[in-house]
Amino acid sequence: MGASQQEQGPLRVALLGCGVVGSEVARLLTQQSADLASRVGAPLELVGIAVRDASAPRPLAASVDRSLLTEDAEGLVARADIVIEVMGGIEPARTLLLRAIESGAAVVTANKALLAEDGPTLYKAADTAGVDIYFEAAVAGAIPIVRPVRESLAGDSVRRILGIVNGTTNYVLDQMASTGMSFDDAVKQAQDLGYAEADPTADVEGFDAAAKAAILASLAFHTRVSLEDVAREGITRITADDVAWAAQTGHVIKLLAIAESVTGDDGAHGVSVRVHPALVPLTHPLAGVRGAFNAVFVEADAAGELMFYGRGAGGAPTASAVLGDVVSAARHRVLGGKGPEESTYAALPILPASTAVTRYQVRLAVDDRPGVLAQVAQVLASKGVSIEAVRQPSEPSVPGADGAEDDGSTGVAHLVITTHAAAEAALAATVDAIAVLEPVQEITSVLRVEGA
Ligand code: NDP
Ligand code: HSE
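Residue 33 in the numbering used here is what sits at position 32 of the sequence shown, and the numbering runs on without skipping anything.
Given below as structure tokens:
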């Protein structure tokens with residue numbers, strides 16, 4: 002039963018981490034304390050902030066009371082009603098959250114890596130202890146997407162989720178396309194801006210987006226989906242040339258996370274989850290998602306199409322999502338009640354990403370002479386892959402390149418073939434067969450095309 006505001010003493014809040022996100026959480030907790038107390042029905046008292054090195058300089062946390070910093074995370078957790086984990090990594094974050102839950106504290110975390118690896122352990126512990134576990138900030142930064150999928154759409158049937166859920170890679174691809182910045186320089190900028198994970202490999206190799214895709218898929222399809230269930234390809238193989246050719250053919254390259262309800266060859270119904278770079282037509286709303294912004298499309302039976310858009314990374318946007326969760330958990334402390342538990346009743350099989358059929362764009366360099374296109378088209382036909390369009394565009398200028406361009410006299414033609422939706426296996430067999438044709442010099446890229 003809840004207590005009235007007059008009876009309710011302060012709720013003790015422990016913050017684990019004071020980096021990009023933690024600094025902003027601490028700032029908002031302090032600067033908005035009066036408003037938060039009114040919204041919750043009790044003051045929120047920040048009782049400590051756990052860090053690795055309490056004596057380190059903290060330019061991001063200039064407004065934070067340094068006397069709150071501690072290297073004793075376990076001791077801090079033991080004296081909290083609500084524990085906010087924004088330290089990242091698997092351990093000690095997992096152990097600290099489990100300790101918090103076992104001691105009856107509600108927990109809020111932004112740690113998608115931990116949730117995708119071992120979320121069920123945390124959910125089960127929270128369920129057993131009867132405490133809240135909230136994680137809005139773990140997917141797409143400031144964008145409210147976890148709550149809509151977990152609660153608002155609980156009465157509907159989600160069919161597909163398609164989104165840009167990693168700010169770093171979107172920033173990198175956007176900078177490469179718009180300014181010609183090198184991949185490495187763009188990653189460095191994303192790090193400096195606080196978008197990237199502690200190890201940016203997690204971003205550029207697609208692990209971060211895959212973790213988020215696993216979390217969303219689990220919620221949307223009431224099925225446990227972990228990181229290993231997600232077919233993953235990052236953006237490290239995307240070249241400046243690919244980016245320029247994408248623009249030349251009316252597309253932009255985005256790292257997409259896709260979770261969908263699929264039917265396998267044997268008719269079995271299941272879920273497929275994948276993260277990979279894809280060409281998105283410039284006319285599609287996802288193509289306009291710039292910088293570190295994220296956007297998530299959700300298709301549900303009754304609701305139809307929904308789109309969520311906003312800042313997907315960065316300290317303050319992420320702290321906004323964290324604080325929203327803190328208020329929810331704190332209200333439950335004051336008024337009674339509890340947030341939703343993990344729902345895995347559907348327990349659908351996870352089907353391989355190859356189950357999903359998509360359009361592809363195959364780019365190849367061929368001898369520039371008559372009859373070559375007919376040979377290539379013949380291979381596609383023989384493999385049952387239908388051609389949507391074939392183009393022979395002029396070579397694009399790569400932004401930022403030094404200007405040494407093909408003068409058209411090299412005897413090379415560039416063919417860009419877009420297929421209708423095809424199965425991955427059929428497409429792979431087609432590409433293999435095209436690659437060995439005598440006039441084909443090189444298959445320069447094979448990318449999926451997503452978005453109508
Ligand atoms: P940072 O690396 O900037 O900050 C991590 C903080 O945690 C630091 O203060 C660090 O202490 C502390 N910390 C790390 N390990 C320990 C430990 N073993 N014991 C005590 N303290 C520790 O990370 P971010 O703020 O960028 O990210 C935090 C979490 O939020 C991650 O899970 C991340 O995935 C998630 N997230 C991040 C977003 C972003 O845009 N940055 C967006 C959405 C989610 P010290 O300062 O002493 O090193
Ligand atoms: N590194 C993540 C990103 C932070 O770039 O999207 C937000 O989860």
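All C-beta atoms in this analysis are idealised placements derived from N, C-alpha and C, irrespective of residue type, glycine included. Computed from a predicted model, the values in this text were never measured in an experiment.
Based on Cα-Cα distance, which residue from the options lies nearest to residue i?
i           : options               : result
residue 279 : 436, 213 and 247      : 247
residue 223 : 448, 445, 345 and 235 : 345
residue 220 : 311, 104, 57 and 136  : 136
residue 425 : 356, 91 and 390       : 356
residue 266 : 353, 376, 26 and 419  : 353
residue 455 : 82, 18 and 103        : Only positions 2 to 453 of the chain appear in the structure, and residue 455 is not among them; the question remains open.
residue 1   : 362, 15 and 453       : The question about residue 1 has no answer, for the chain in this structure spans 2 to 453.
residue 366 : 376, 443 and 388      : 443
residue 313 : 392, 144 and 215      : 144
residue 286 : 261, 272 and 252      : 252
residue 59  : 374, 25 and 184       : 25
residue 214 : 245, 129 and 295      : 295
residue 359 : 121, 230, 452 and 22  : 452
residue 271 : 327, 305, 230 and 250 : 230
residue 330 : 108, 35 and 237       : 108
residue 142 : 293, 340 and 370      : 293
residue 206 : 241, 249 and 170      : 170
residue 216 : 302, 259 and 236      : 259
residue 166 : 104, 291 and 115      : 291
residue 138 : 121, 427, 212 and 177 : 212
residue 255 : 199, 192, 176 and 196 : 176
residue 194 : 78, 269, 20 and 431   : 20
residue 203 : 180, 228, 186 and 181 : 228
residue 335 : 23, 36, 40 and 22     : 40
residue 164 : 196, 210 and 129      : 210
residue 306 : 10, 111 and 159       : 159
residue 413 : 395, 197, 147 and 200 : 395
residue 262 : 276, 233, 162 and 180 : 162
residue 510 : 89, 388, 283 and 105  : Residue coverage of the chain in this structure runs from 2 to 453, which leaves residue 510 outside it and unanswerable.
residue 339 : 130, 63 and 36        : 130
residue 434 : 46, 386 and 125       : 386
residue 37  : 392, 315 and 321      : 321
residue 147 : 302, 310 and 445      : 310
residue 281 : 62, 174 and 440       : 174
residue 454 : 181, 441, 233 and 304 : Only positions 2 to 453 of the chain appear in this structure, which leaves residue 454 out of reach.
residue 13  : 35, 61, 80 and 34     : 80
residue 454 : 120, 240 and 388      : The displayed coordinates of the chain run from 2 to 453. Any statement about residue 454 would go beyond what the structure contains.
residue 390 : 450, 436 and 350      : 450
residue 234 : 337, 100, 447 and 304 : 447
residue 393 : 380, 179, 363 and 383 : 363
Starting from residue i, follow its DSSP beta bridges and name the residues at the other end.
i           : result
residue 1   : Because the chain here runs from 2 to 453, residue 1 falls outside it and cannot be looked at.
residue 165 : 296
residue 321 : Bridge partners of residue 321: none, in fact.
residue 237 : Residue 237 pairs with nothing; no bridge assigned.
residue 417 : 364 and 392
residue 303 : Residue 303 pairs with nothing; no bridge assigned.
residue 14  : 47 and 83
residue 274 : 260
residue 446 : 364
residue 423 : 359
residue 312 : 294
residue 327 : Answer is none; residue 327 lacks a bridge partner.
residue 441 : 367
Taking 8 Å as the CB-CB cut-off, is residue i touching chain C?
i           : result
residue 374 : In the displayed structure, chain C is absent; only one protein chain is listed.
Any heavy atom of the ligand HEM within a distance shorter than 7 Å of the CB on residue i?
i           : result
residue 296 : For the ligand HEM, the structure offers nothing, since it holds only the ligand NDP and the ligand HSE.
- [ ] Under 6 Å from any heavy atom of the ligand HSE, by CB: list those residues in chain order, please.
- [x] Chain-ordered list of matching residues: 142, 167, 168, 169, 196, 197, 198, 204, 209, 313 and 314.
TODO: Quick one: which unbroken alpha helix (DSSP H) runs of 4-plus residues sit fully inside the segment 176–235? Chain order, please.
DONE: With a minimum length of 4 residues, the continuous alpha helix (DSSP H) runs that stay inside the segment 176–235 are 184–193, 202–205 and 208–222.
Task: Meets three-Cβ-pair contact criterion under 8 Å: the segment 69–88 and the segment 44–61 - done: Yes, since at least three Cβ pairs between the segment 69–88 and the segment 44–61 fall closer than 8 Å, the two stretches touch.
TODO: Could you pull out every unbroken alpha helix (DSSP H) segment of at least 4 residues lying fully inside the segment 30–103, listed in chain order?
DONE: Unbroken alpha helix (DSSP H) stretches of 4 residues or longer found wholly inside the segment 30–103: 34–41, 74–79 and 94–103, given in chain order.
Open item on the list: Suppose only complete runs of 3+ residues qualify. What are the beta strand (DSSP E) ranges in the segment 108–174, listed by chain order?
Closed with: Runs of the beta strand (DSSP E) inside the segment 108–174: 159–165.
TODO: Please determine if the segment 328–345 and the segment 414–424 are in contact, where contact requires at least 3 C-beta pairs separated by less than 8 Å.
DONE: Touching, no.
Task: Stretch-stretch touch, CB-based, cutoff 8 Å, three pairs: the segment 83–96 with the segment 21–40 - done: The segment 83–96 is in contact with the segment 21–40.
Open item on the list: Give the list of continuous alpha helix (DSSP H) stretches no shorter than 4 residues that lie fully inside the segment 343–404.
Closed with: Taking 4 residues as the shortest admissible run, the segment 343–404 contains the following complete alpha helix (DSSP H) segments, listed from N- to C-terminal end: 373–383.
Task: At least 3 beta-carbon pairs within less than 8 Å: the segment 316–333 vs the segment 375–382 - done: Output reads no: the segment 375–382 does not touch the segment 316–333.
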